[in-house]
Amino acid sequence: MEFRIAARSDVPAVLALLADDEISRLRGYGTVPEDVDAATWAAFEEIDADPNNELLVADDNGEIVATCQLTFIPGLSRNGARRMTIEAVRVRADRRGDGLGRTLMTFVLDRARERGCHIVQLTTDKRRVDAHRFYARLGFEASHEGMKLIL
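For the sequence shown, our numbering begins at 515 and goes up steadily by one.
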């Protein structure tokens with residue numbers, strides 16, 4: 515198993531992981547387009563070019579089996595403490611429950627330390643009760659109430 519920065523060729527597999535989820539389907543993201551659209555490619559290129567963003571994949575002998583996006587944020591609060599936000603965590607359905615998620619998160623937390631982060635934060639949909647338990651077992655605390663506005 516190799517955890518690495520996603521390459522352009524990984525994007526369709528990442529999109530498949532993001533779409534393979536009941537909540538994503540409810541939001542209308544339940545299919546992967548045959549041809550990735552220009553906006554998605556532009557988003558990937560922007561993520562890839564930004565040194566404060568990392569789109570990670572778990573590559574198991576050429577198969578992408580997990581993904582997440584990391585954003586490193588400098589800030590003035592907490593005496594200039596750098597933080598990392600974790601987003602879009604997905605593990606392929608047939609690999610859930612085999613320890614891959616924990617291994618991915620261990621790698622991610624090591625990346626935070628390597629990048630000098632003092633805080634790691636993430637949000638997860640209120641309906642993802644299993645995910646809440648998973649993150650709590652890793653030491654995350656539900657410390658804030660998140661809000662979102664779709665534009």
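C-beta: ideal position from N, C-alpha, C; glycine also.
message: Using a 10 Å radius around the Cβ and a threshold of 16 neighbouring Cβ atoms, would you call Thr637 buried or exposed?
response: Exposed, because fewer than 16 other Cβ atoms sit within 10 Å of the Cβ of Thr637.
- request: Check whether the region 520-528 touches the region 589-596, counting contact only when three or more Cβ pairs, one atom from each stretch, lie closer than 8 Å.
  value: Short answer: they don't touch.
- prompt: Could you give the distance in angstroms between the alpha-carbon of Arg596 and the alpha-carbon of Asp624?
  reply: When rounded, the separation of the alpha-carbon atoms in Arg596 and Asp624 is 14 Å.
- prompt: Is the region 626-643 in contact with the region 604-614, if contact means three or more CB pairs nearer than 8 Å?
  reply: Put simply, the region 626-643 does not touch the region 604-614. Fewer than three CB pairs are less than 8 Å apart.
task: Go ahead and pull the three-state DSSP assignment for Arg518.
output: Three-state DSSP puts Arg518 in a strand.
field: Cβ-based neighbour list, Arg518, same chain, cut-off 8 Å, excluding 5 preceding and 5 following
entry: So the list reads Leu570, Val571, Asp573, once near-sequence residues are dropped.
query: Can you tell me the Cα-Cα spacing of Arg641 and Asn593, whole angstroms?
result: Cα to Cα, Arg641 sits roughly 34 Å from Asn593.
task: If I'm right that Thr585 touches Asn566 with Cβ under 8 Å, what's the distance once you round it to whole angstroms?
output: Here Thr585 really is in contact with Asn566; their C-beta atoms are around 6 Å apart, less than 8 Å.
field: The beta strand (DSSP E) enclosing Met661, as first and last residue numbers
entry: Secondary structure note for Met661: it is in no beta strand (DSSP E), with a DSSP letter that is neither H nor E.
message: So Ile578 and Leu532 are supposed to be a Cβ contact under 8 Å. How far apart are they, rounded?
response: In fact, because the Cβ distance is near 11 Å, the residues do not count as touching under 8 Å.
query: Taking the C-alpha atoms as reference points, what is the distance between Gly653 and Arg604?
result: In this structure, the straight-line span from the alpha carbon of Gly653 to that of Arg604 is close to 19 Å.
- prompt: Using the rule of at least 16 other Cβ atoms within 10 Å of the residue's Cβ for burial, across every protein chain shown, is Ala650 buried or exposed?
  reply: Only exposed fits Ala650, as fewer than 16 other CB atoms lie within 10 angstroms of its CB.
field: Identity of the residues DSSP links to Leu569 by a beta bridge
entry: Looking at the DSSP output, Leu569 shares a beta bridge with Gln583.
query: What residue range is occupied by the uninterrupted beta strand (DSSP E) comprising Glu601?
result: Bounds of the beta strand (DSSP E) holding Glu601 are 596-605.
- prompt: In this structure, does DSSP put Leu636 in helix, strand or coil?
  reply: Note: Leu636 maps to strand in three-state DSSP.
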